[in-house]
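Below: one structure, written as structure tokens.
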Amino acid sequence: MNYLPIWFKQLLLPQETPSIAASIVTVFLVLFLGILLGKVKIQKVSLGVSGVIFIGILFGHLGYKIHHEIQEFLRDFGLILFVYAIGMQLGPSFFSRLKKDGIKYNGLALITVIAAMFVTWAIHALYKIPMESAAGLMTGAVTNTPSLGAAKAALQDLSNQFPNKVFADPTHTYAIAYPIGILGIIFLLILVKVFYRKQIAEEIDLFKEENKRKYPEPQTLKCRVTQTHAIGKSIKQLVETHQLEVIVSRLKHSGSEKVTSPAGSDILKERDVLMLVGLPQALHKAVAVLGYESTDTFIESQQDMRTQTLVVTNNLAIQKTLGQLHLEKAYEAQVTRVYRSGMELLAHPELVLHYGDRLRVVGEETALKAIARLVGNSEKRLQEPQLLSIFIGIVLGVLLGSIPFYLPGLSVPVKLGVAAGPLLAAIFISRFGGIKSLHSYLQQSALSFMKDFGICLFFASIGIHAGETFYEIFVQNNGVFWLIQGLLITLIPGLLMILLGKYIFKISLIPLLGLIAGAHTDPAALAFATNYYKTELPLQSYATVYPITTLARIVSVQILIIYFT
């Protein structure tokens, strides 16, 4: 290759001391080829973005290197972007689901984490494998990338405290165990249906019915007023007296075709028709108090009253409750529902509005236009990236991750690190919606980009670094043996989870699929489950356990390394 220009060789060929430009070229070549590899499917299964780590190992084996400071920066920065996007994505529904099945689901997931710790310790003790290598096996076998970052951070702290001691790089065993971990988790997902003898379609229907009962969404019901104790009373009086948790969005007086958006002071007359919005149980209670369910179709007319969905983008409306906007008094209109991050919420006066919330409003056309101006309703502004909240959120996350926690018997403190700190910060920021002009709202496409780009940077940096000595270590340490040990760390806790979930926790098939993928924090396994079983329902239980499981795996790997290294 003597005919190639020197500058070209310096950028594209392996260099002992690569420049910053050559490092950038190498990283993005790895990203490009890794994504191509990830698109290759075998029996409908593909590596996805995980292909980047394997191309990185290949490049490292061929002699490519990247600048040391760049390697460390890309590793930590990529991990921060990844976990922050995950937190923003799962945060809004995380707390609501904890109130229902969250304790049971997370309890089962944490048992799986502890079981993986025990199997890892047993492998370390029986086969005299260095704990840092065993910890790398565990992080790869459970496909938990943030815990690998935590393991490397813990080892760095130990290196600083004991500069003369040499530690093995857990990235090598992680890279060996990672592919067998993916295959092992997929095997568990297929094996699950052996324990459930019902047809998959029947299981899906049963879960949907159970989900509707546990997590009901607001519905509408038409009611005709016939009860004597309701006639001549105001709507507000009846709602307060009987504690009716419903919204009266429309009112049509008997004998009239005119539909209005009623105020709380409106007096009900005999045979008036009301449009009620609320949860199913509350609607049935309200109908029993007021009269009976009506089949009147005039009340649904859009001639006098219209229904429109408006998006909250005006700073004057953000972080205010619906009651503080006084929409009923000022505009004679009603907000019936609020759509937020895939959730449908019943509107009530104490509900605090977040940037990006979508309001379902019923009122006259002129009132709807005025309310649209009040809340903003700017789809264009919604497309603008909310950089301020991302930047301050990451700062808070890194600060949180840097707080040391001292556990008994440990010479080095445990930290949440750059993996768990930003994850927690993102969960809380997405839940509470930001402050004033610091909005937490992010488009789904922006979150997907942050997540995938971040994990790709992380995979590229650790892959290239590990590839420098990967082959030699695989041969010297019997890599096939490591593959078997990694498979044990995947399968033993996974089988325990299936048995406990089925026979002790009494969890049905569909949520158990999401729990298996979530307990292993494996998006690829979740994608396989949704494709193989042809349903998106496992995503709900996956989202319930993912944040806490990620934190548990981050802490558990640090405990293993600090206690047993």
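Position 556 of the sequence shown, counted from 1, bears residue number 564 in the numbering used here, the numbering being contiguous throughout. Quick reminder that beta carbons are idealized off the backbone N, C-alpha and C, glycines included.
Practice prompt. Jot down the residue ranges of each uninterrupted alpha helix (DSSP H) in the segment 71-153, minimum 4 residues, whole runs only, in chain order.
Written response: Considered as a whole, the segment 71-153 harbours 76-105, 111-135, 139-149 as its complete alpha helix (DSSP H) runs of no fewer than 4 residues, in chain order.
When DSSP builds the beta bridges, which residues end up paired with Ile228? The count along the sequence shown starts at 1 and reaches residue 228 at position 220. First, the residue type needs correcting, since residue 228 is Thr and not Ile in the sequence shown. Thr228 is bridged by DSSP to Val285.
Practice item. Please say whether Tyr550 and Leu523 have beta carbons closer to each other than 9 Å? Key: In the sequence shown, residue 523 corresponds to position 515, counting from 1. In the sequence shown, residue 550 corresponds to position 542, counting from 1. Cβ distance < 9 Å, so Leu523 and Tyr550 count as in contact.
What separation, rounded to the nearest whole angstrom, lies between the Cα atoms of Phe440 and His362?
Within the sequence shown, numbered from 1, the residue matching residue 440 stands at position 432. Within the sequence shown, numbered from 1, the residue matching residue 362 stands at position 354. Cα-Cα distance, rounded: 8 Å.
Problem - Reference Ile275; option with closest CA among Glu265, Val247, Gln289 - result: Against the sequence shown, residue 275 aligns to sequence position 267. The candidate whose alpha carbon is nearest that of Ile275 is Val247.
- Please classify Phe467: does DSSP put it in a helix, a strand, or coil? One-based indexing of the sequence shown puts residue 467 at position 459. For Phe467, the secondary structure class from DSSP, reduced to helix, strand or coil, is helix.
If you draw a straight line from the C-alpha of Leu66 to the C-alpha of Lys49, how long is it? By 1-based counting over the sequence shown, the position of residue 66 is 58. By 1-based counting over the sequence shown, the position of residue 49 is 41. Straight across, the Cα-Cα distance linking Leu66 with Lys49 is about 20 Å.
Identify the continuous alpha helix (DSSP H) that holds Leu396 and give its terminal residues. In the sequence shown, the residue the question calls residue 396 occupies position 388. Segment 395-409, the alpha helix (DSSP H) holding Leu396.
Local conformation of Thr593 per DSSP, three classes:
Lying outside 9 to 573, the shown extent of the chain, residue 593 is not represented and no answer is given.
*With distances taken from CA atoms, which of Ala355, Val285, Met351, Asp365 is nearest Ile326?*
On the sequence shown, position 318 is the one that residue 326 refers to. Residue Asp365 is the option with its Cα nearest to Ile326.
**Report entry** Buried or exposed by the 16-neighbour rule on C-beta atoms within 10 Å, applied to Asp530
**Finding:** Sequence index remark: in the sequence shown, residue 530 carries index 522 (1-based). By the neighbour-count rule (16 or more Cβ atoms within 10 Å), Asp530 is buried.
Next on the checklist: Does Met146 pass the burial test, meaning 16 or more other C-beta atoms within 10 Å, or should it be called exposed?
Outcome noted: Here residue 146 is taken as the residue at index 138 of the sequence shown, counted from 1. Met146 should be labelled buried.
Notebook entry, point to check: Is it a yes or a no for the segment 330-345 touching the segment 258-276, going by three-plus beta-carbon pairs under 8 Å?
Noted result: Three or more Cβ pairs closer than 8 Å define a contact, and the segment 330-345 meets that threshold against the segment 258-276.
Subject >> CA-to-CA distance, Ser309 to Asn152, given in whole angstroms >> reply: Here residue 152 refers to the residue found at position 144 of the sequence shown. Here residue 309 refers to the residue found at position 301 of the sequence shown. Looking at the two C-alpha atoms, the distance is approximately 54 Å.
Quiz item: Taking Arg368 as the reference, which of Gln227, Pro393, Ile402, Leu408 has the closest Cα?
Solution: In the sequence shown, counting from the first residue as 1, residue 368 sits at position 360. Nearest of Gln227, Pro393, Ile402, Leu408 to Arg368, Cα basis: Gln227.
Per DSSP, cross-strand counterpart(s) of Phe413 = Here residue 413 corresponds to residue number 405 of the sequence shown, with the count starting at 1. According to DSSP, Phe413 bridges with Val422.
The segment 378-385 touching the segment 397-414, judged by at least three CB pairs closer than 8 Å: Not touching, per the Cβ criterion.
| query | Quick one: any contact between the segment 106-123 and the segment 499-516, if contact means 3 or more CB pairs under 8 Å? | reply | They touch, by the three-pair rule.
Next item on the list: Count the other C-beta atoms from every protein chain shown that fall within 10 angstroms of the C-beta of Phe203, then say buried if there are 16 or more, exposed otherwise.
Entry: Position 195 of the sequence shown, counted from the first residue, corresponds to residue 203. Looking at its Cβ environment, which holds fewer than 16 other Cβ atoms inside 10 Å, Phe203 is exposed.
Indicate the three-state DSSP secondary structure (helix, strand or coil) for Ile275 in the structure shown. Counting from one through the sequence shown, the residue named residue 275 turns up at place 267. It is a strand residue.
Where Pro466 and Ala124 are concerned, what is the direct C-alpha to C-alpha distance, given to the nearest angstrom? As a first step, residue 466 must be located in the sequence shown, where it is residue number 458. As a first step, residue 124 must be located in the sequence shown, where it is residue number 116. Here the sequence assigns Phe to residue 466, which means Pro is not the residue at that position. Using only the alpha carbons, I get a separation of about 24 Å.
Check your understanding: The alpha helix (DSSP H) spanning Lys388 covers which residue range?
Key -> For the purposes of this step, residue 388 is identified with residue 380 of the sequence shown, where counting begins at 1. For Lys388, the uninterrupted alpha helix (DSSP H) run begins and ends at 387-390, by DSSP.
If Ala296 sits next to Leu284, beta carbons under 8 Å apart, how far is it from one beta carbon to the other, in whole angstroms? For this step, residue 296 is matched to residue 288 along the sequence shown. For this step, residue 284 is matched to residue 276 along the sequence shown. Incorrect: roughly 12 Å between the Cβ atoms, too far for contact.
Who are the Cβ neighbours of His69 in its own chain at under 8 Å, not counting the five residues just before and after it?
For the purposes of this step, residue 69 is identified with residue 61 of the sequence shown, where counting begins at 1. Same-chain partners within the cutoff: Gly475, Glu476, Phe478, Tyr479.
Open item on the list: Quick check on this structure: which residue in Lys112, Val320, Trp15 has the alpha carbon closest to the alpha carbon of Thr557?
Closed with: Locating residue 557 in the sequence shown gives position 549, counting from the first residue. For Thr557, the closest C-alpha among the options Lys112, Val320, Trp15 is that of Lys112.
Excluding five sequence neighbours on each side, which residues of the same chain lie with their C-beta closer than 6 Å to the C-beta of Thr543?
Residue 543 sits at position 535 when you count from the first residue of the sequence shown. The answer, listed in chain order, is Ile212.
Considering only the beta carbon of each residue, do Lys160 and Pro178 sit closer than 9 Å?
Indexing the sequence shown from 1 puts residue 160 at position 152. Indexing the sequence shown from 1 puts residue 178 at position 170. Pairing Lys160 with Pro178 gives a Cβ-Cβ distance under 9 Å.
Can we say the segment 86-95 touches the segment 70-77, given the rule of at least three CB pairs closer than 8 Å? The segment 70-77 and the segment 86-95 do not touch, with fewer than three beta-carbon pairs separated by less than 8 Å.
query = Between the segment 80-90 and the segment 458-472, do three or more beta carbon pairs fall short of 8 Å?
reply = Contact holds: three or more Cβ-Cβ distances are below 8 Å.
**Same chain, Cβ closer than 7 Å to Leu41, five either side skipped, listed in chain order** = As a working note, residue 41 is residue 33 in the sequence shown. Non-local beta-carbon contacts of Leu41 in its own chain, meaning distances under 7 Å to residues more than five positions away in sequence, involve Ile63 in chain order.
### Task
From the DSSP output, read off the bridge partner residues of Met351.
Position 343 of the sequence shown, counting from 1, holds the residue named residue 351. Per DSSP, Arg348.
_According to DSSP, Lys260 sits in a beta bridge with which residue or residues?_
Stepping through the sequence shown from its first residue, residue 260 is reached at position 252. Per the DSSP secondary-structure output, Lys260 pairs in a beta bridge with Val267, Val281.
Q. In chain order, what residues of the same chain lie with their CB nearer than 7 Å to the CB of Glu387, ignoring the 5 residues before and after it?
A. Position 379 of the sequence shown, counting from 1, holds the residue named residue 387. Only Val319 meet the Cβ criterion.
Under the assumption that Leu507 contacts Phe215 (Cβ atoms under 8 Å), give the Cβ distance between them as a whole number of angstroms. Counting from one through the sequence shown, the residue named residue 507 turns up at place 499. Counting from one through the sequence shown, the residue named residue 215 turns up at place 207. 20 Å between Cβ atoms; not a contact.
Using CA atoms only, rank isn't needed, just tell me which of Ser257, Ile131, Ser262 is closest to Ile492.
Counted from its first residue, the sequence shown places residue 492 at position 484. Among Ser257, Ile131, Ser262, the Cα nearest to that of Ile492 is on Ile131.
- Identify the residues that DSSP records as bridge partners of Glu301: which are they? Locating residue 301 in the sequence shown gives position 293, counting from the first residue. Per DSSP, Cys231.
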